[in-house]
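Enquirer:
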Amino acid sequence: MKFLQQLRLGFRSLLLHKLRSALAVLGILIGVTAVIWLVAMGEGVSYQAQQQIKDLGATSIIVRSIKPAEESSRSDSNARMGISYGLLREDFERIVTNVPTIGRAVPMREISREVRHREQFIDGMVIACTPEYFGMNRLKIARGRAISEIDMTSYANVVVLAHEAAVKLFPIEDPLGRAGQIGQEFYVNVGIAAERSAAAAIGGSLDARQYDRDVYIPLTTFRARIGDRVFTSRAGSFQLETVELTQITAVVDDMKEVDATADIIRALLQRYHKVVDYAVVVPKELLEQAETMRAMFNVLLLLIAGISLLVGGIGIMNIMLATVTERTREIGIRRALGATKGEIVQQFLWETVVLSGTGGLLGVLFGFLCGPTVNGVRFGVRASLPEVWAALPPNIRNLEPRLAPWSIIAAFAISVGVGIVFGIYPARRAANMDPIEALRHE
Amino acid sequence: MPPKQALTPNAGPPPRDVVAAIRGVSKVYSLGGHEVKALDNVSIEFRQGDYVAIMGSSGSGKSTLLNVLGCLDRPTTGQYYLAGQDVAVMDDETLSRIRGRYLGFIFQSYNLIQQLSVVENIEVPLSYQRPPMPGGRERCLKLAELVGLSKRLGHRPTELSGGQQQRVAIARALVNNPHVILADEPTGNLDTATSHEIMDLLDALNKAGRTIVMVTHENDIAERARRIVRLRDGRIESVAEVRREALPAGG
Ligand SMILES: Nc1ncnc2c1ncn2[C@@H]1O[C@H](COP(=O)(O)OP(=O)(O)OP(=O)(O)O)[C@@H](O)[C@H]1O
Ligand SMILES: [Mg+2]
């Protein structure tokens, strides 16, 4: 009752100067909207990253071969022999036999190769793997079948195509049962994988990449037909590289064992590798890193938000000081009619709270427009500036802002708080006027 | 019977029917080294139902006296008993409460709050009553009717004439049922006809039992009162009864 009365009085006094009040409200509005939007974008990005890391599996440990700096490669750097580095089949055996906490481990070899079918070809990624690879990476088979144990033991020339690879290579015919060509060899197409979104990992250890142009063949077949020594072309020059395995993915049964297991794997590899030609990536650690990054990002956001709300608050204070001066007479009248200093302070504080609260509410309202606005901008850029669109990194292209309820509550509460903090000085100034002087004021 | 003036300072609280009494009050302003005695040892009592006009030349201390009586200003020395309590020693918050509780103000320049309507202006003193007064809104409407503004309740002060604004101010001064109504030149901004209308209203209030103290420069206005107090250089020069042979006694 009393509360509503104060609120109404505040509104009416502010309506005396509509433009001025509107500008003060605008200052807070922008601050609050900025907070909500920035937090929503930040949450969107980190959510995306987390999803991608979770796709890799929180219980998995990924060990990848890494080409070391030129001089320190394992071989005696015979130019004819090329260089030789990375994970060995022995490493895989050692890991599987020596680390008891590992439930499953899957070896994999990949190279980029041209894949053909008649006139159609793609620059695909040939993934040589075991049947377990599909389950471990949550690769679904849309049609046909995955690589089987029989394929492995029989060194079969079979291939499973990822979605886009299948479409590109077989635009007209049904790919199942037909043969595609990798290098000089023909492989019979036995299955097509379901469509899958791009995944990326934070920390630079794993590249964001498109899974949709992969072609999968049995690991044994790869070794028999293509072999460990392959020519690769990097920056125009060909190079002979000997790599046994590109990646070993190990899955630990218990999430708590992940860190310890990773340490054991590191120690094991260190003993047998003179140079560090491998990297151990732990998605769980990435997840934790992402969490810390998100926390840091949020601190930064709060700083920005704080500054913008500070500016808004100064605007409010400025306006309230002008208001107090203008309404000196009213203050004198109210004092004469029985208002205590405290009641005058209250009255003017209510006005600033109405100002900043209105700004806060409108800011929250505009905050809800974040998603639609981002979608609108995305649509606009894609439609009118396709080159710019194509150049954007995928996590920006796919960004979905996520409104964080805490940010809405915090932004509104802070805006009201700003109103109170910046309203106190003008309100006290009003209350401390001498009533007689104030009544004489013209 | 006119009240007898108490001449002994520091004599303790006055009798119950004295609603306001100042004793030996001085108010000294020091301006750039030298002192101005706006009030110089002034003592005066106001009884229930009193009707006093304060006169005197410009700078004689009329407004200062009224400000002291209105608890807007504290005397430099002396006592001021209002409703039986010495308010000269009270703190700012208590003084505010006392103003809201026991006093009604009427100003020369009406002093209505511009953004509020007539009825809301009348209501202002009620919002500062602790504890709140029951039946607030109805009281305001009754008072608006009393001052003849029932048809203007929603109007803003700028939409009213000076006389009408002063009527609103009078209604506002009555809303808290004050012990004393203090008016500083209530007709100072009004033409003669309107002045007399306003004075008729004040006369009627006094007849109904209200205690009124007003400052005025005009003799015909002052003669509406029962007593005229003349100030000169901050001192009481004379206190005179108004003889009313021409008027029928009582009311
Ligand atoms: N705040 C103040 N500071 C200094 N001197 C003051 C102050 N207020 C009043 N005075 C002085 O006190 C004296 C009495 O002033 P006061 O306002 O009471 O006169 P007044 O009788 O009301 O005059 P008027 O008829 O012109 O209104 C004057 O000499 C005035 O200059
Ligand atoms: Mg005066």
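If you read the protein sequences in the order shown, they are chains A and B. Be aware that the first sequence starts at 0, since it is given in numbering that gives the first Met the number 0, and climbs by one per residue. Be aware that the second sequence starts at 0, since it is given in numbering that gives the first Met the number 0, and climbs by one per residue. Even for Gly, the Cβ is constructed at its ideal location relative to N, Cα and C.
Mind listing which residues of the segment 112-124 of chain B have their C-beta closer than 7 Å to chain A's C-betas, in chain order?
Expert: Flagged, chain order: Ile112, Gln114, Val123 and Pro124.
Enquirer: Mapping the DSSP letters down to three states, classify Arg270/A as helix, strand or coil.
Expert: Here residue 270/A refers to the residue found at position 271 of the first sequence. Helix at Arg270/A.
Enquirer: Is Glu44/B buried or exposed, if buried means 16 or more other CB atoms sit within 10 Å of its CB?
Expert: Here residue 44/B is taken as the residue at index 45 of the second sequence, counted from 1. It counts as buried.
Enquirer: Tell me the start and end of each unbroken beta strand (DSSP E) in the segment 59-130 of chain A that is at least 3 residues and wholly inside, in chain order.
Expert: The segment 59-130 of chain A contains these whole beta strand (DSSP E) runs: 59-64, 101-116 and 119-128.
Enquirer: Answer with yes or no whether the minimum CB distance from Ile201/A to chain B is below 8 Å.
Expert: Working through the first sequence from its first residue, we reach residue 201/A at position 202. Bear in mind that the predicted position of Ile201/A carries a pLDDT of just 32, short of 50, making it unreliable; the figure below should be weighed with that in mind. Not closer than 8 Å to any Cβ of chain B, the Cβ of Ile201/A fails to qualify, so no.
Enquirer: Mapping DSSP to helix, strand and coil, what is Gly179/A?
Expert: Here residue 179/A refers to the residue found at position 180 when the first sequence is read from its first residue. Gly179/A: strand per DSSP, three-state reduction.
Enquirer: Is any non-hydrogen atom of ligand 2 found closer than 7 Å to the C-beta of Asp183/B, if you look at the structure I gave you?
Expert: Within the second sequence, residue 183/B is the residue found at index 184, counting from 1. Asp183/B Cβ: within cutoff of ligand 2.
Enquirer: Using alpha carbons as the reference points, say which of Leu230/B, Arg242/B and Tyr28/B lies closest to Asp219/B.
Expert: The count along the second sequence starts at 1 and reaches residue 219/B at position 220. Among Leu230/B, Arg242/B and Tyr28/B, the Cα nearest to that of Asp219/B belongs to Arg242/B.
Enquirer: For the beta strand (DSSP E) that Asn218/B lies in, which residues bound it at each end?
Expert: On the second sequence, position 219 is the one that residue 218/B refers to. No beta strand (DSSP E) contains Asn218/B, which is instead part of the alpha helix (DSSP H) from Asn218 to Ala221.
Enquirer: Shorter than 8 Å from the beta carbon of Ala335/A to some beta carbon of chain B?
Expert: Here the question's residue 335/A lines up with position 336 in the first sequence. It does: the Cβ of Ala335/A has a partner Cβ on chain B nearer than 8 Å.
Enquirer: In chain B, which residues lie less than 8 Å from Ser12/A when you measure between Cβ atoms?
Expert: Position 13 of the first sequence holds residue 12/A. What Ser12/A touches in chain B: Gln114.
Enquirer: Return the residue from the list Ala52/B, Gln84/B and Ala207/B that minimises the CA-CA distance to Ala20/B.
Expert: Stepping through the second sequence from its first residue, residue 20/B is reached at position 21. Nearest C-alpha to Ala20/B: Gln84/B.
Enquirer: Rounded to a whole number of angstroms, what is the C-alpha to C-alpha distance between Ile29/A and Cys128/A?
Expert: Along the first sequence, read from residue 1 onward, the residue named residue 29/A stands at position 30. Along the first sequence, read from residue 1 onward, the residue named residue 128/A stands at position 129. When rounded, the distance between both Cα atoms is 54 Å.
Enquirer: Output the residue ranges of the alpha helix (DSSP H) runs that lie fully inside the segment 88-158 of chain B and measure 4 residues or longer, sorted by chain position.
Expert: Listed in chain order, the complete alpha helix (DSSP H) runs (minimum 4 residues) inside the segment 88-158 of chain B are 91-101, 117-122 and 135-145.
Enquirer: If we count Cβ pairs, one from each stretch, closer than 8 Å, do we get three or more for the segment 318-329 of chain A versus the segment 32-42 of chain A?
Expert: No, they do not touch.
Enquirer: Taking 7 Å as the cut-off, does the CB of Lys17/A come closer than this to any heavy atom belonging to ligand 1?
Expert: Here residue 17/A refers to the residue found at position 18 when the first sequence is read from its first residue. Checking the Cβ of Lys17/A against ligand 1 gives no.
Enquirer: How would you write the range of the alpha helix (DSSP H) that Thr245/A sits in, first residue to last?
Expert: Here residue 245/A refers to the residue found at position 246 when the first sequence is read from its first residue. Counting along the chain, Thr245/A falls outside any alpha helix (DSSP H), and DSSP gives it neither H nor E.
Enquirer: Given that Leu142/B touches chain A, what residues does it touch there, using C-beta distances under 7 Å?
Expert: Here residue 142/B refers to the residue found at position 143 when the second sequence is read from its first residue. Those do not exist, as Leu142/B stays about 14 Å from chain A at its closest Cβ, beyond 7 Å.
Enquirer: Between the segment 68-94 of chain B and chain A, which residues of the former have CB atoms less than 8 Å from a CB of the latter, in chain order?
Expert: Residues passing the 8 Å Cβ filter: Gly69, Leu71, Asp72, Asp91 and Glu92.
Enquirer: Please list, in chain order, the residues of the segment 335-367 of chain A that have any C-beta partner in chain B closer than 8 Å.
Expert: Listed in sequence order: Ala335, Leu336, Gly337, Ala338, Thr339, Lys340, Gly341 and Glu342.
Enquirer: Helix, strand or coil: how does DSSP classify Ser29/B here?
Expert: Here residue 29/B refers to the residue found at position 30 when the second sequence is read from its first residue. Looking at Ser29/B - three-state DSSP - the assignment turns out to be strand.
Enquirer: In its own chain, which residues sit with a C-beta less than 7 Å from the C-beta of Val257/A, not counting the 5 before and 5 after it?
Expert: On the first sequence, position 258 is the one that residue 257/A refers to. Within the same chain, Val257/A has close Cβ partners Thr58, Ile60, Val251, Val281 and Lys283.
Enquirer: Count the other CB atoms, across all protein chains shown, that sit within 10 Å of the CB of Asp199/B; report buried if there are 16 or more and exposed otherwise.
Expert: Residue mapping note: residue 199/B aligns to position 200 of the second sequence, counting from 1. Label assigned to Asp199/B: exposed.
Enquirer: Relative to ligand 2, what is the chain-ordered list of residues with a Cβ closer than 6 Å to any of its non-hydrogen atoms?
Expert: Residues with a Cβ closer than 6 Å to any heavy atom of ligand 2, in chain order: Lys61/B and Ser62/B.
Enquirer: What's the C-alpha gap between Val214/A and Gly123/A?
Expert: Working through the first sequence from its first residue, we reach residue 214/A at position 215. Working through the first sequence from its first residue, we reach residue 123/A at position 124. The straight-line gap from Cα to Cα measures roughly 7 Å.
Enquirer: Residues in its own chain within less than 7 Å of Leu330/A by CB, not counting five upstream and five downstream?
Expert: Taking the first residue of the first sequence as position 1, residue 330/A is located at position 331. According to the sequence displayed, residue 330/A carries Ile and not Leu. Result list for Ile330/A: Ile343, Ala429, Met432 and Ala437, in chain order.
Enquirer: Please report the residue range of the alpha helix (DSSP H) in which Ile235/B lies.
Expert: Walking along the second sequence from the start, residue 235/B turns up at place 236. Taken as a continuous stretch (DSSP letters only), Ile235/B belongs to no alpha helix (DSSP H), being part of the beta strand (DSSP E) at Arg234 to Glu240.
Enquirer: By DSSP's criteria, Asn188/A is part of a beta bridge. Which residues make up the other side?
Expert: Along the first sequence, read from residue 1 onward, the residue named residue 188/A stands at position 189. Its beta-bridge partners are Val158/A.
Enquirer: What residue range does the alpha helix (DSSP H) around Arg171/B cover?
Expert: Position 172 of the second sequence, counted from the first residue, corresponds to residue 171/B. That run of the alpha helix (DSSP H) goes Gly161 to Leu173.
Enquirer: Would you call the segment 89-107 of chain B and the segment 120-129 of chain B touching, i.e. three or more CB-CB distances under 8 Å?
Expert: Yes: at least three Cβ pairs fall under 8 Å.
Enquirer: Taking 7 Å as the cut-off, does the CB of Ala37/B come closer than this to any heavy atom belonging to ligand 1?
Expert: Indexing the second sequence from 1 puts residue 37/B at position 38. Yes, the beta carbon of Ala37/B sits closer than 7 Å to at least one heavy atom of ligand 1.
Enquirer: Can you list, in chain order, the residues of its chain with a C-beta nearer than 6 Å to that of Leu218/A? Leave out the 5 residues immediately preceding and following it.
Expert: For this step, residue 218/A is matched to residue 219 along the first sequence. Here the set comprises Ala127, Cys128 and Thr129.
Enquirer: For the segment 61-70 of chain B and the segment 202-219 of chain B, state whether three or more C-beta atom pairs, one from each stretch, are separated by less than 8 Å.
Expert: Contact holds: three or more Cβ-Cβ distances are below 8 Å.
Enquirer: In angstroms, rounded to a whole number, what distance separates the CA positions of Val298/A and Leu37/A?
Expert: Numbered from its first residue, the first sequence carries residue 298/A at position 299. Numbered from its first residue, the first sequence carries residue 37/A at position 38. Near 12 Å, if we compare the C-alpha coordinates of Leu37/A and Val298/A.
Enquirer: Hey, would you say the C-beta of Tyr28/B is under 7 Å away from at least one heavy atom of ligand 1?
Expert: In the second sequence, the residue the question calls residue 28/B occupies position 29. Yes, ligand 1 has a heavy atom inside 7 Å of this Cβ.
Enquirer: Which residues mark the beginning and the end of the alpha helix (DSSP H) in which Asp202/B is found?
Expert: As a working note, residue 202/B is residue 203 in the second sequence. From DSSP, the alpha helix (DSSP H) with Asp202/B extends over Thr191 to Lys206.
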